[in-house]
Every structure is written in structure tokens, then in C-alpha cells.
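In our numbering, the protein residues as written are 841 to 1399.
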Amino acid sequence: MKHLLPDLMSLLRTDMGTLDTGLPTPCIPSSTSLVDALSLFDTSSYLLIQDEGPILGYIVVSDVLHAMMHAHQLMEAYFETTLETAGSALTLIDEEAKVAYWTSGAEHVFSISKHDIIGQPAANFFPPDRLQSLKTLYTGETVYRKQHQPRPDLFALINARPVQLDGRIVGAVAAEVDITTEIRLHQELLHMTSKVQHLEKAVARLRPDTDPFARIKGSSPVIHQCLDTIRKISTTSATVLILGESGTGKELFAKAIHDLRELQTAPFIAINCGAIPASLFESELFGYEKGAFSGADPKGKKGKIELAEGGTLFLDEIGEMPLELQVKLLRVLQEKSYFPVGGTRMKQADCRIIAATNQNLLSMIARNQFREDLYYRLNVINLIIPPLRMRKEDIYELTQTFLQEFSLLYNRHIELVPPEVFKLLFQYDWPGNVRELRNVIERLTILTTDGEVKSEYLPDTLTSIDLQEQPEVQLTSRIHLHPNSEHEEREYSTETEQDSRIAANVGDSDDTYQQKMDTYEAQLLIQYLEAAGGNKRTLAKQLGISRATLYNRMKRLGL
């Protein structure tokens, strides 16, 4: 705002005839700054302006004062408008700890009029030990998004900084956002969540399920491979990282790992890292001691790690975890210990940790959005959940399961699902995976009132796809479904173009259907084997088949 101060030459007067030349008048060059000129007015109310040559004119002290007063008024107007536009409760206290400024946002949050509080000691209105701006004034402490409680009935997030002039603290400014409603809603949500978990446990005790894989539907090779991996994983307590697209059912697989190893009484605690505000995440994960922070439960609160003691802690959407929390989670994984918020006594983390994500953590590491050391601690064993488009043979079983579930829920009797409906279900690529299929079956169940499912009940996304049959290998052998870099994206684009050319060539030939299929499959296998660096074991794993099956298939195709 310094540009609002007057320029010395803009105040120049040239009517030398009105100047009293009988008084001593200092003479300064036109390049003199306003700050340097001010001290010369102590001896004279005029200042002559002269460079090389004749006198250019003079400056009068009254003109300078009027210009500086106008600049001050402009600065004050800009300053006040800026503070009022910020939207939060902004307050300023001066060097004597008195309130110097109080925005309308502060009036709304604290229900105190600016006319009542400005010029008064801030400690007259708030407990001094709860006033962050006082701490900032006395210690120079700077805080950002710190949760505090200025009054017993008020929770806020505060930013505070000291005001400094010539290296000395002359005040403090604080910006506060009222989060009382959010805190209370979150506490109610936690209370209701505890009730729901209690009811779920009660139901589970009444109807125990002895098969850990009962809720995982499908008999495709890739699903069998996942279940085999889970059986191997469950013989240890090693940390597991589950990778898979959104909607593939990662929590079901995590629960299966838990159920296969742990007793029925062992807790399985799930936490969605993307659904908890960053300011509450630490207390949610580690718990807190009584009096740990303003608004805390007087009795303290157990964190999810402690609740999972003797069982499993499932961290869903781990890629959404704040970076500052990733460091603390890393310590838990390394040392099996942690401190609750506000605690001085170390607690032991006696639980297995399973993490899951639908994001590419390696790309996030490259963008400094995820810690590399935490990634390798989590990725002791990984389990890759295949998308539904790579296990389409499971669609029939999944459809029957969901039809049974929703027919009971909505009191619908489904007598017939025509082949043309299943044909559309099989041809769709299901970007939303099993979750999307479940929603579609729920829609079909609701719309079916006469016992027969019709294709027109399907969403437009399914009924508008090409009805021509696709080769089976095209449904099961796609490898680079999610390019993770520009290089892979170019490779994927090239592969897609090659696939189109292969399909066109096959369609133009006079070979039998099986010969066309064999030719297409052989070229795809060669293409993907090259992408896997010639490693057949890697290729078999990517295709979701055993190496023996791959060798037999290559032998049959003459590769």
C-alpha cells in the first residue's frame, strides 16, 4: 500500500511570489524522498526544490499533511474492506493486549459487538489461558488451523501471527472459523457408529459364518488366485496392501484375511482415510487423553488402533491420508508403538494393519503426495483385486446373489432373467465394478413387477453398447488397463490401435471362427509377452492363470 503515499513532486508549488523569502528556507533536490523531507519541516514550513539551475518551486508542509491524511484514509478503507471480505472472525490486539480491531465475522461468531470490545482488554471477555492471540503476542508463536476453544460452548480453528515493527512485536492478529456444529455432528456420528458396530457384532454372534470367503462371489481363475493368495497371507501377521479399482470390494477381501486368521471375537476396525477431516484424523486414529484439547471428551477416547487390539485395523483409501499423519503411521508400523493425542505414556499397537487404495501410490510418491518409506512399509505383501471386466465369468453368480438379496428386500419375485439381459451384462465393461453391477441389479429388481426382467429396465449405459459378440480373450487378457505414466499411456494407445488392426485383419480372412480366435489370441500373447519383458511367470500372473495353463495355451497356438 506504499504507493498511496504522496509523491513529493506532485505537491510542488511554483507561485514564488507568495513565498516569504525573508525566512530561512531549506533547499532540496527533486529526487528527495518524502521520508527524508519530513524531518526538514522541523525548521521551516516550506522546502525549496532545486536541481541544477533555477529553483523549480517549493513544498508546503500543510499540503504534505493533507496528502498523507488522504493516503491514510485510503489505506484504512482498503484495510477494513479486506478484513470484512475475508469471511472469518478476524481480530487484532495491540501491544497492550487491547482489542484494536473486531470484524463483523467476529461479532457473529462470539456474539460480542465491536463497539463493546474495541479498545478493551481482550482478557475481559475471554479466559486468558484460552486466548491464542495473547499467547502469540507474548511469545511470538505462529499457529495454523489449530483447534481451540475460546469459550466453553465454542470450538474453532484458528490461524494466528504476531505483528512486528522494527523487529519488535507490537500486536497479534487471529483468524478463527467456527466449527462447533461440525464437532458436535462428528461426536454424534461417532456415537451412532459405535451403536451400529455394536448391533453388527450382535447380529454376527447370532448368525456366525464359518466360511471367511462366503461374501466373495465368483469362481473365475483370477478370483481363485486371489483366494489362494489370501490363504497364504493369513498364515502370517504381515502388513498387507490391497490394490484395486473403486467398487471391486477391497474391504471384503480385507475382512476375509482377518476372518481366516483371527478368532470370531477379534475386532475388525475399518477406517476410511478419505472421509475424516484432517483436523480430526490424529485423534480418530490414535485416540486422546482426557483434557488433550479443547472440546475433548473428559474421559478421553480410544483410537482406532487401540480398538483393533488383538485384531485387524483396515485403512481404506490410504492414499487420502494427510502427509503429516503418514509419518506417525510409519512409526506405528516400525516400532509397534504410539502416543495418544495429549498423552505422555506410550501404547503398544497390537493389531494387524491392512491398507487399501484405488490410487497409484508410486505416481503419488513421484508427485510428493505420498511417503515412499510408508509405501514400502505397507507393501510387505500386496493383493491385487481384479476389476469386474477381467472376471466377467463371475457376472452370472454375482447377479444371482444380488437378485436374491434385493428380491427379499423389495418383496419382488423374479421368475426369469432373459438371455438378452445377460448378454448386455456380459458385454458391458463395468467401470464401477461390482458396486456398479450391484446397483444395476437393484434397479432391475425395483422395476420388475411382473416377475420377468426386461432389457429396457437396464440403464442407458448398458443398452447403448454394441451388441456384437467380442472374442473371449479380449475380455480376459487386457493388461495395461490403467497407464501410470506418459510412457505407459503411449504404449497403451499403440496397443489399442494394434488390436483394432488385428481385429480388422481377422474379419477380412476366410478362416474358420476358431482359426480367427487362435490368430488373434496368438498375436495378443506375443504382444503382452514382449510387454512383460519375456517373463512368462509375470505374464501368467497378469492374466490370472497358472504358468502351466499359459505354457499349454502357447503350445496349442504354436508359440
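Cβ coordinates follow ideal geometry from the N, Cα and C atoms, glycine included. All values derive from a computational prediction rather than experimental measurement.
Tell me whether the beta-carbon of Gly-1140 lies closer than 9 Å to the beta-carbon of Glu-1149. no
Between the CA atoms of Pro-1226 and Gly-1084 - distance to the nearest angstrom: 7 Å
Inter-residue Cα distance where the pair is Thr-1289 and Arg-1252: 7 Å
Nearest neighbour of Glu-1245, chosen from Glu-1282, Gln-1267 and Ile-1019 [CA to CA]: Glu-1282
For a quick check, are the C-beta atoms of Pro-961 and Glu-935 less than 9 Å apart? no
For Thr-1239, is the classification buried or exposed, using 16 other Cβ atoms within 10 angstroms of its Cβ as the cut-off for buried? buried
Cα separation between Lys-1417 and Leu-1081? Here the chain has residues from 841 to 1399 only, and residue 1417 is not among them.
Assuming contact is defined by CB atoms lying nearer than 9 Å, are Thr-1285 and Ile-1254 in contact in what I supplied? yes
Euclidean distance between Cα positions of Asn-1324 and Arg-1207: With a pLDDT of only 39 at Asn-1324, under 50, the local geometry of the prediction cannot be trusted, and the value read off the model is given with reservation. When rounded, the distance between both Cα atoms is 12 Å.
6 Å CB neighbourhood of Gly-1127 in its chain, flanking five on each side removed: Lys-1141, Lys-1142, Gly-1143, Glu-1146 and Pro-1180
Within this structure, are the beta carbons of Glu-1296 and Gly-1058 separated by less than 9 Å? no
In this structure, how does DSSP classify Ser-1177 when only helix, strand and coil are distinguished? strand
Beta carbon of Cys-867, beta carbon of Leu-888: below 9 Å? yes
Check this for me: beta carbons of Ala-1015 and Thr-976, under 9 Å apart or not? no
Assess contact between the region 903 to 923 and the region 977 to 991, defined as three or more Cβ pairs (one per stretch) separated by less than 8 Å. Is contact present? no
Which of the three DSSP states is assigned to Cys-1191 in this structure? coil
Using a Cβ-Cβ cutoff of less than 8 Å, which residues in the same chain neighbour Thr-865 once the five nearest sequence positions on both sides are dropped? Leu-859, Ser-884, Tyr-886, Leu-887, Leu-888 and Tyr-898
Are Thr-1152 and Ile-1194 touching if we call contact CB-CB under 9 Å? yes
State yes or no: is the C-beta of Ala-1156 within less than 9 Å of the C-beta of Cys-1113? Checking the sequence shown, residue 1156 turns out to be Asp, not Ala. A contact, by the Cβ cut-off of 9 Å.
Looking only at its own chain, which residues have a Cβ that is under 7 Å from the Cβ of Thr-854, when we skip the five neighbours before and after it? Gly-897
Closest residue to Ile-958 among Gly-1374, Gly-945 and Val-939 (Cα-Cα distance): Val-939
Taking buried to mean at least 16 other C-beta atoms within 10 Å of its own C-beta, is Lys-1395 buried or exposed? exposed
Cross-strand partners of Thr-1152 (DSSP beta bridge): Phe-1108 and Arg-1192
I believe Ala-1380 touches Leu-1390 by the beta-carbon criterion, under 8 Å. Please report the beta-carbon distance rounded to the nearest angstrom. 4 Å
Run through DSSP, which three-state label would Arg-1055 get? coil
Under a three-way DSSP split, which group does Leu-930 fall into? strand
Alpha-carbon to alpha-carbon, Leu-1005 and Ile-895: 38 Å
Rounded to whole angstroms, how far is the Cβ of Gly-1291 from the Cβ of Leu-1256, which I believe are closer than 8 Å? 7 Å
Mapping DSSP to helix, strand and coil, what is Val-900? strand
Residues bridged to Lys-986 by DSSP? Ile-998
Expressed to the nearest angstrom, what Euclidean distance is found between the alpha-carbon atoms of Thr-1075 and Val-1172? 22 Å
Identify, in the order they occur along the chain, each residue of the same chain with its Cβ nearer than 8 Å to the Cβ of Asp-1018, setting aside the five sequence neighbours on each side. Ala-929, Val-949, Leu-994, Phe-995 and Ala-996
From this set, His-955, Met-1204 and Leu-1092, which residue's C-alpha is nearest Ile-1070's C-alpha? Leu-1092
With respect to the alpha helix (DSSP H) encompassing Asp-1300, which residues constitute its N-terminal and C-terminal limits? 1300 to 1303
C-alpha gap between Pro-869 and Asp-891, whole angstroms: 5 Å
Would you mind working out which of Glu-1260, Arg-1229, Phe-1121 and Pro-1258 sits nearest Gly-1402, comparing C-alpha positions? A query on residue 1402 cannot be resolved here, the shown segment of the chain reaching from 841 to 1399 and no further.
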